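Visitor: Residues 581 to 1179, numbered by my numbering, are exactly what the sequence shown covers, in order.
All C-beta atoms, glycine included, are put in the ideal place defined by N, C-alpha and C.
On a predicted model such as this, the values are computed, not experimentally measured, just so you know.
Before anything else, here's the structure in question.
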Amino acid sequence: MDDGKPTQPRRTWWSRPTPPDPTPPPPAGDPSAPAPPSPPGATAPATTHPATGDVPVPGASPAPAGGGAPAAGPSLVKPDPTRTAPATGPEAGTAPATAPEVGAVPATGTAVPGAAVAAPPGAPGPAASPDGAGAGATGHPAGSGGPLHAPDEYRTPPYGEPGPWAPAPPVQRPLAGPPPAYGAPATATAAPPHPAPVPSQWGQYDPWSSPAARQHAQPLAGHPGGAGPRRPRRGLALVGALLFALLTGVLGGAVGAYVERNGGLTTVELPQAGADAGDRAPGSVAGIAARALPSVVTLHVSGGGEQGTGTGFVLDKRGHILTNHHVVDSADGDGDITVTFSGGETADATLVGGDSGYDLAVVRVTGVANLAPLPLGNSDGVRVGDPVVAIGAPFDLQNTVTSGIISAKGRPITAGGEKGDGSDISYVDALQTDAPINPGNSGGPLLDAQARVIGINSAIRAADDGSGIDDGQAGSIGLGFAIPVNQGKRVAEELINTGKATHPVIGVSLDLKFTGDGARVADKAQDGGASVTPGGPAAKAGIRPGDVITRVDGERVHNGEELIVKIRAHRPGDELRLTVRRDGREGARTLTLGSSADN
C-alpha cells in the first residue's frame, strides 16, 4: 500500500545478511563472558523470566504491557498482511502450525516466526523506536535507510501489528532457579520447585505454545505432596447434630413419661394445711350437729314377724326417748327394742306407751349414764324459710346429717290406715321441710339454728304411691313432714305419766265421703246413733247434723280430715272459733274442746 512516502525495496527475513562473529569464544567457566554466537538458523537457548514467564532475548528490552513486539535486539519480522509469505524457504525448514512455546528449542535448525535470533557478537543493535519497537520490527535489516513509515507521535503501531491495548499472551510458569545474568546462557530444563496449582485442565492451555510443548502439559490439578482433596466435614457435623437431637428427644420423652406416671423422681409430699383447732360457729350445720349427735339414737325393733329401723332422741336423764309410733309398733307385746347411741354403745329399751293418732311413742333405757337430753324449742314461733337440720339413720346409716329450710307449716297430712278400721290413721298438722328425709329418719329430731328440737320427722312424700309415714322405700323428693314439737311435748308427757295420750274432741261424727268444700257433719253416726253427741262441745255451740264447717280459727278447711288435724293440734280445754255454713249462710260458733278420755 503506497501512502505517498518514499519507500525502499522490502527485504524478506530469509535474505537478511548476517555478519561474521569476530568475537572469540569466552574461556570455560566464566559466567560473565558473553554467550557464543549461534550458528545461522539456530535458536539460542532461552530462559523464562522468573516474574513474567517470558523468554528474555539478549540485547532486547522488556515487552510493553500491551503485549507488543520486543523493544530491541534482532527479531523476526511478521509478514506483511498485504503480502503472502511462502510457507517454506530455501534456508528454513517447514514452519510449525503454531509457534513453539517460549523457552523450548525446536528439534531442527529452522527459524520459527516469533523466536529470537542471536545477533553476531559485537554487532551494534538497532536503536529502539519511540513506540518501543526495534528497527528490525519493520522488516528492514539493520543499517538500512530507515523504517517504511515515520514514527507516529501518538504511538500508533504499524499496520498489521497489535497495539499496546492488545491482550498479553498467557503468562507462563517460571522455571526453577534464579534468573541468569544478562547475556548468560539460559537453561530451560529445570522444573519449578513449587508449581502453582492449576484449577482445571483448561487453565494449562497456551495458544502460543507448540504441539510438542502441549504434549508435556501437566495432569489435572492436584494438591502438593500428593495428598487428595480434603473432603468437607459439614455433612458429618450435620449428621452428628441430628443424632444428638434424636437422642436428646428420646431421653427427654422417657424422663417426661416416667415423671408423669410416677409423679416425679423423688418422694411426693403434697402441701397440707395444719389441723384446725377452732370450733365451728354454733349456728352452723357443723356446730348444730356437734351438739345434737350425742343425744340422737338409732332403734332396731323386731317382733310379730317384722323388723324395722328408726331414730329417736333423749328427752331426760331418766332414759326416756321419744320416737314415732310406727317405728316401735311391731314391738308392742313381746318384741325387742335395741338402742344404739352415737358413740356406738348399745342398750335394751322397753316401750312406755304410744299413740297411733299422733304417731308418737316413748321408750326407756336403763343402766345408761351420762345421758344428754336435747332441748325442746317452740314450734309456734317457726317461720317459713328458717334453716333446719335433720339427724337420723336413713337406710340404717346412723348419724346422718342433712340440712334444709322450713318450706311450709300447718300441712294437714294423714298417714297409716293399713289395718283398715282407721285405728292406725295419724292426723298431723305438720311442718314441711326440704331437708332430705328417708326411711330410717322417722322419729329423729328436726333442729333449728340453736340446736333445739322443733319437730319430730315422721313422713315423706313418696313419688311412687304418695303414701305417708315410712310405708314405702321411695327416697326423698324434697317433701318431708315433721310433727310440731309442741304437740309432741304434750303427748310425750301424757305417755310418760299415764301410759296413754288423750285427744281433743268436739263431739260430732263427720261425713268423710262429702265431696264439697268443707267438713260436713253426718246425718247419723256409723253405729246408727246421733251424729252430734248430746251435751258435747258441738251440741253446746249449737251445731246440728248437716252443717258444714268451713274455717277453724280463721283458717280454711276443705274436708273432714283437715278438720281433725286442726282440732288435734290443740289441747283438750282449748277454745275454738268455728265458721259454719247452714242453708247457704255462714255463721260463727265458739266452743271449748273436750277430751277423748271423757267418753
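Does the segment 944-959 come close enough to the segment 1012-1021 that 3 or more CB-CB pairs lie under 8 Å?
Guide: no
Visitor: I'd like to know whether the C-beta atoms of Asn-904 and Gly-1023 end up nearer to each other than 7 Å.
Guide: As a position in the sequence shown, residue 904 is number 324, starting the count at 1. As a position in the sequence shown, residue 1023 is number 443, starting the count at 1. Yes; because the gap between Cβ atoms is below 7 Å, this pair is in contact.
Visitor: Report yes or no: do the segment 1117-1131 and the segment 968-976 share at least 3 C-beta pairs separated by less than 8 Å?
Guide: Put simply, the segment 1117-1131 does not touch the segment 968-976. Fewer than three CB pairs are less than 8 Å apart.
Visitor: Suppose only complete runs of 3+ residues qualify. What are the beta strand (DSSP E) ranges in the segment 1098-1162, listed by chain order?
Guide: 1128-1132, 1155-1162
Visitor: How many Å lie between Thr-982 and Leu-1143 at the Cα?
Guide: Walking along the sequence shown from the start, residue 982 turns up at place 402. Walking along the sequence shown from the start, residue 1143 turns up at place 563. Straight-line Cα distance between these residues: approximately 32 Å.
Visitor: With DSSP as the reference, identify every bridge partner of Pro-1013, one or two as the case may be.
Guide: The residue given as residue 1013 occupies position 433 in the sequence shown. Here residue 1013 is Thr; the residue named in the question, Pro, does not match the sequence. BP columns for Thr-1013 point to Ile-986, Gly-1060.
Visitor: Can you give me the start and stop residues for the alpha helix (DSSP H) that Gln-1067 sits inside?
Guide: On the sequence shown, residue 1067 is found 487 positions in, with the first residue counted as 1. Gln-1067 -> alpha helix (DSSP H) spans 1065-1078.
Visitor: May I have a chain-ordered list of the beta strand (DSSP E) segments no shorter than 3 residues that lie completely inside the segment 847-902?
Guide: 876-883, 886-894
Visitor: Ends of the alpha helix (DSSP H) at Asn-842?
Guide: Sequence index remark: in the sequence shown, residue 842 carries index 262 (1-based). Asn-842 -> alpha helix (DSSP H) spans 814-842.
Visitor: Buried or exposed: which applies to His-1138, given that a residue is buried once 16 or more other Cβ atoms fall within 10 Å of its Cβ?
Guide: Mapped onto the sequence shown, residue 1138 falls at position 558. Counting Cβ neighbours within 10 Å, His-1138 comes out exposed, since fewer than 16 surround it.
Visitor: Answer with buried or exposed for Gln-1067, where buried requires no fewer than 16 other C-beta atoms within 10 angstroms of its C-beta.
Guide: Numbered from its first residue, the sequence shown carries residue 1067 at position 487. By the neighbour-count rule (16 or more Cβ atoms within 10 Å), Gln-1067 is buried.
Visitor: Since Arg-1169 sits in a beta bridge, which residues does DSSP pair it with?
Guide: Indexing the sequence shown from 1 puts residue 1169 at position 589. Paired residues: Leu-1158.
Visitor: Below 7 Å between beta carbons: does that hold for His-900 and Ile-1063?
Guide: Locating residue 900 in the sequence shown gives position 320, where the first residue counts as 1. Locating residue 1063 in the sequence shown gives position 483, where the first residue counts as 1. Not a contact, by the Cβ cut-off of 7 Å.
Visitor: If you measure between the beta carbons of Leu-1173 and His-1150, is that distance less than 7 Å?
Guide: Within the sequence shown, the letter at position 593 stands for residue 1173. Within the sequence shown, the letter at position 570 stands for residue 1150. Contact: yes.
Visitor: Would you mind working out which of Ile-1040, Val-945, Lys-999 sits nearest Pro-974, comparing C-alpha positions?
Guide: The residue given as residue 974 occupies position 394 in the sequence shown. Of the candidates Ile-1040, Val-945, Lys-999, the one whose C-alpha sits nearest the C-alpha of Pro-974 is Ile-1040.
Visitor: Check this for me: beta carbons of Val-881 and Ser-922, under 7 Å apart or not?
Guide: Taking the sequence shown and counting its residues from 1, one reaches residue 881 at position 301. Taking the sequence shown and counting its residues from 1, one reaches residue 922 at position 342. Cβ atoms of Val-881 and Ser-922: not closer than 7 Å.
Visitor: If we ignore side chains and look at the alpha-carbon of each, how far apart do Pro-1125 and Gly-1087 end up?
Guide: Within the sequence shown, the letter at position 545 stands for residue 1125. Within the sequence shown, the letter at position 507 stands for residue 1087. Those two C-alpha atoms are separated by around 12 Å.
Visitor: Closest to Gly-1098 by C-alpha separation, out of Val-1160, Leu-823, Val-964, would be which residue?
Guide: Here residue 1098 corresponds to residue number 518 of the sequence shown, with the count starting at 1. Ranking Val-1160, Leu-823, Val-964 by Cα distance to Gly-1098 puts Val-1160 first.
Visitor: Quick one, which of Asp-1154, Gly-1140, Pro-1152, Gly-1096 has its alpha-carbon nearest Gly-1164's?
Guide: The sequence position of residue 1164 within the sequence shown is 584, counting from 1. Comparing Cα-Cα distances from Gly-1164 to each of Asp-1154, Gly-1140, Pro-1152, Gly-1096, the minimum goes to Gly-1096.
Visitor: Indicate the three-state DSSP secondary structure (helix, strand or coil) for Val-969 in the structure shown.
Guide: The count along the sequence shown starts at 1 and reaches residue 969 at position 389. Here Val-969 sits in strand by DSSP.
Visitor: For the alpha helix (DSSP H) holding Val-908, just list the boundary residues, first then last.
Guide: Residue 908 sits at position 328 when you count from the first residue of the sequence shown. First-last of the alpha helix (DSSP H) with Val-908: 905-908.
Visitor: Could you tell me the boundaries of the beta strand (DSSP E) in which Ser-1038 lies?
Guide: Within the sequence shown, residue 1038 is the residue found at index 458, counting from 1. First-last of the beta strand (DSSP E) with Ser-1038: 1033-1040.
Visitor: Taking contact to mean 3 or more Cβ pairs, one atom from each stretch, closer than 8 Å, check whether the segment 1019-1033 and the segment 871-880 are in contact.
Guide: yes
Visitor: Between the alpha carbons of Thr-994 and Leu-850, how many angstroms are there, rounded?
Guide: Taking the first residue of the sequence shown as position 1, residue 994 is located at position 414. Taking the first residue of the sequence shown as position 1, residue 850 is located at position 270. In a straight line, the C-alpha of Thr-994 is about 55 Å away from that of Leu-850.
Visitor: By the three-class DSSP mapping on this structure, what secondary structure does Gly-961 have?
Guide: Locating residue 961 in the sequence shown gives position 381, counting from the first residue. In the structure shown, Gly-961 sits in a helix (DSSP, three-state: H, G or I).
Visitor: Sort Ala-1081, Glu-998, Ala-817 by Cα distance to Gly-933 and report the nearest one.
Guide: Residue mapping note: residue 933 aligns to position 353 of the sequence shown, counting from 1. It is Ala-1081 whose Cα lies nearest to the Cα of Gly-933.
Visitor: Buried or exposed for Pro-862, please, with buried defined as at least 16 other CB atoms from any protein chain shown within 10 angstroms of its CB.
Guide: In the sequence shown, the residue the question calls residue 862 occupies position 282. So Pro-862 counts as exposed.
Visitor: Between Gly-996, Tyr-938, Thr-1130, which lies nearest to His-1083 when the distance is taken from Cα to Cα?
Guide: Stepping through the sequence shown from its first residue, residue 1083 is reached at position 503. Closest by alpha carbon: Tyr-938.
Visitor: Could you check whether Ser-1111 and Ser-1089 sit closer than 7 Å to each other, using their CB atoms as the reference points?
Guide: The sequence position of residue 1089 within the sequence shown is 509, counting from 1. The sequence position of residue 1111 within the sequence shown is 531, counting from 1. In this structure, Ser-1111 lies closer than 7 Å to Ser-1089 by Cβ.
Visitor: With DSSP as the reference, label Asp-1199 as helix, strand or coil.
Guide: The structure shown has nothing for residue 1199, since the chain only spans 581 to 1179.
Visitor: Which of the three DSSP states, helix, strand or coil, is assigned to Phe-921?
Guide: Mapped onto the sequence shown, residue 921 falls at position 341. Here Phe-921 sits in strand by DSSP.
Visitor: Can you tell me which residues form a DSSP beta bridge with Pro-1025?
Guide: Working through the sequence shown from its first residue, we reach residue 1025 at position 445. Looking at the DSSP output, Pro-1025 shares a beta bridge with Ile-1036.
Visitor: Would you check if the distance between the CB atom of Gly-1035 and the CB atom of Val-1071 is smaller than 7 Å?
Guide: For the purposes of this step, residue 1035 is taken as residue 455 along the sequence shown, with counting starting at 1. For the purposes of this step, residue 1071 is taken as residue 491 along the sequence shown, with counting starting at 1. Result no, Cβ atoms of Gly-1035 and Val-1071 do not sit closer than 7 Å.
Visitor: Using 7 Å as the threshold, is the C-beta distance between Val-943 and Ile-917 below it?
Guide: Within the sequence shown, numbered from 1, the residue matching residue 943 stands at position 363. Within the sequence shown, numbered from 1, the residue matching residue 917 stands at position 337. For Val-943 and Ile-917, yes; Cβs fall inside 7 Å.
Visitor: If I measure Cβ to Cβ from Leu-1059 and keep anything under 6 Å in the same chain, skipping five residues before and after, which residues do I get?
Guide: Position 479 of the sequence shown, counted from the start, is the residue given in the question as residue 1059. Take Leu-1059, set aside five residues on each side of it, and the residues of its chain with a beta-carbon closer than 6 Å to its own are Arg-1041, in chain order.
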